[in-house]
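So in my numbering, spot 266 of the sequence shown is number 616, and the numbers just go up one at a time.
Built from N, CA and C at the ideal position, the CB exists for glycine as well.
Every value quoted in this text rests on a predicted model; they were computed, and no experiment measured them.
Contents: one structure, followed by commentary.
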Amino acid sequence: MKRKQLAGITFISLVAVGIVFLLYVPDKTQSEYDPGIPTVFVHGYKGTANSFDFMLNRFENKYNWGNKAIVYYVSASGKVEEHNLNKGRKEPTFIQVVFQNNRASFATTSFWLASVLQQLKEKYEVETVNLVGHSMGGIVSLKYIKEYTEKTYPSVANFVTIGSPYDGIYSDAYFRIHHDPAAEDLKPKSKALSRLREGEFPENVSVLSIASTGDTVALPESVHALRSIIPSNQLEEVVIENPELGHSALHENAQIDQLIHSFLWQDRGQ
Numbered sequence: 351m352k353r354k355q356l357a358g359i360t361f362i363s364l365v366a367v368g369i370v371f372l373l374y375v376p377d378k379t380q381s382e383y384d385p386g387i388p389t390v391f392v393h394g395y396k397g398t399a400n401s402f403d404f405m406l407n408r409f410e411n412k413y414n415w416g417n418k419a420i421v422y423y424v425s426a427s428g429k430v431e432e433h434n435l436n437k438g439r440k441e442p443t444f445i446q447v448v449f450q451n452n453r454a455s456f457a458t459t460s461f462w463l464a465s466v467l468q469q470l471k472e473k474y475e476v477e478t479v480n481l482v483g484h485s486m487g488g489i490v491s492l493k494y495i496k497e498y499t500e501k502t503y504p505s506v507a508n509f510v511t512i513g514s515p516y517d518g519i520y521s522d523a524y525f526r527i528h529h530d531p532a533a534e535d536l537k538p539k540s541k542a543l544s545r546l547r548e549g550e551f552p553e554n555v556s557v558l559s560i561a562s563t564g565d566t567v568a569l570p571e572s573v574h575a576l577r578s579i580i581p582s583n584q585l586e587e588v589v590i591e592n593p594e595l596g597h598s599a600l601h602e603n604a605q606i607d608q609l610i611h612s613f614l615w616q617d618r619g620q
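Rendered as structure tokens:
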């Protein structure tokens with residue numbers, strides 16, 4: 351009889367301890383869950399919010415792949431303004447970056463991207479991100495990965511580059527129309543493109559490069575110049591054979607949606 355009473359008292363004590371623990375553990379611990387690695391989307395030369403708006407809308411509302419949580423607007427002077435859209439859904443989380451001056455040099459734009467990511471780390475304690483860049487957005491993302499390696503910035507786990515001309519734009523006519531710092535950097539053999547080849551690429555970053563045979567701005571040959579920067583064991587390349595899939599349509603393509611999803615989340619179990 352005494353043993354039964356003792357067992358009953360022990361059970362009640364354990365339950366009481368459990369209740370006290372649940373009531374008095376810090377709020378952060380109670381609500382904590384692994385949100386996965388947030389993915390940051392970076393538009394290209396002359397890009398706007400529309401560059402990735404439709405893709406992110408599909409990701410969130412059509413495919414239910416995650417939650418567009420934050421849009422960062424960077425003014426022409428480099429001031430960062432945050433619009434938090436988090437709806438309390440579980441991640442993966444999508445973050446969009448929009449540059450008001452969308453014709454700035456590679457160096458300036460990558461500095462602005464670094465400022466955004468530094469703020470993301472300081473405010474939300476984000477240690478690691480994925481990057482998705484279209485066109486010049488891929489180039490400035492690459493610069494961030496190679497040049498902003500200090501602990502004050504988030505590291506990069508996976509990088510998707512879509513139609514990014516790493517050897518420049520092979521069109522004289524293009525540069526008769528466009529005259530600005532970014533256009534100068536996008537010229538073949540520019541100093542800015544040469545600098546991309548300097549230094550080592552971090553060995554822990556996996557890269558997916560996507561090109562299209564219908565892209566007359568970032569020709570597949572220029573996109574493939576990434577091979578001279580990233581080791582082959584870290585680089586996966588896809589060329590879509592579609593003469594109708596032009597440069598500005600790359601972020602509006604269901605096949606590319608699926609490639610991104612597979613590379614960033616499905617194959618990695620995120």
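Three-state secondary structure (DSSP) of residue i
i           : result
residue 603 : coil
residue 411 : helix
residue 446 : strand
residue 375 : In this predicted model, residue 375 has a pLDDT of only 36, less than 50, meaning its place in the structure is not dependable enough to derive any value.
residue 477 : coil
residue 534 : helix
residue 574 : helix
residue 613 : helix
residue 487 : helix
residue 350 : Residue 350 lies beyond the stretch modelled for the chain, which goes from 351 to 620, so this question has no answer here.
residue 560 : strand
residue 390 : strand
residue 482 : strand
Nonlocal neighbours in the same chain, by C-beta distance under 8 Å from residue i, ignoring five residues either side
i           : result
residue 539 : 518
residue 595 : 562, 563, 564, 565, 603
residue 616 : none
residue 547 : 578, 579
residue 480 : 387, 388, 389, 390, 506, 507, 508, 509, 510, 614
residue 415 : 409, 442, 611, 615
Spatial distance of residue i from residue j (CA atoms)
i           : j           : result
residue 564 : residue 599 : 10 Å
residue 586 : residue 448 : 27 Å
residue 496 : residue 405 : 27 Å
residue 580 : residue 528 : 29 Å
residue 444 : residue 388 : 6 Å
residue 469 : residue 588 : 33 Å
residue 555 : residue 525 : 33 Å
residue 612 : residue 574 : 21 Å
residue 550 : residue 478 : 19 Å
residue 606 : residue 408 : 12 Å
residue 597 : residue 484 : 9 Å
residue 397 : residue 452 : 6 Å
residue 473 : residue 401 : 26 Å
Presumed contact (8 Å Cβ cut-off) between residue i and residue j, rounded CB distance
i           : j           : result
residue 590 : residue 512 : The pair is not a contact, with the Cβ atoms about 10 Å apart (cut-off 8 Å).
residue 491 : residue 463 : 7 Å
residue 576 : residue 508 : With a Cβ gap of about 15 Å, residue 576 and residue 508 do not count as contacting.
residue 341 : residue 487 : Because residue 341 is not part of the residues shown, which for the chain are 351 to 620, the question remains open.
residue 456 : residue 535 : 5 Å
Bounding residues of the beta strand (DSSP E) (the contiguous stretch that carries residue i)
i           : result
residue 594 : Here residue 594 belongs to no beta strand (DSSP E), and DSSP marks it neither H nor E.
residue 510 : 505 to 512
residue 420 : 417 to 424
residue 430 : 430 to 434
residue 629 : A question about residue 629 goes unanswered here, because the residues of the chain that appear run from 351 up to 620.
Contact set for residue i: own chain, Cβ-Cβ below 6 Å, skip 5 residues either direction
i           : result
residue 431 : 423
residue 543 : 518
residue 515 : 568, 572
residue 460 : 490, 493, 494
residue 674 : This structure cannot settle anything about residue 674, because the visible part of the chain is limited to 351 through 620.
Residues near residue i in its chain [Cβ-Cβ closer than 7 Å; skip 5 each side]
i           : result
residue 498 : 464
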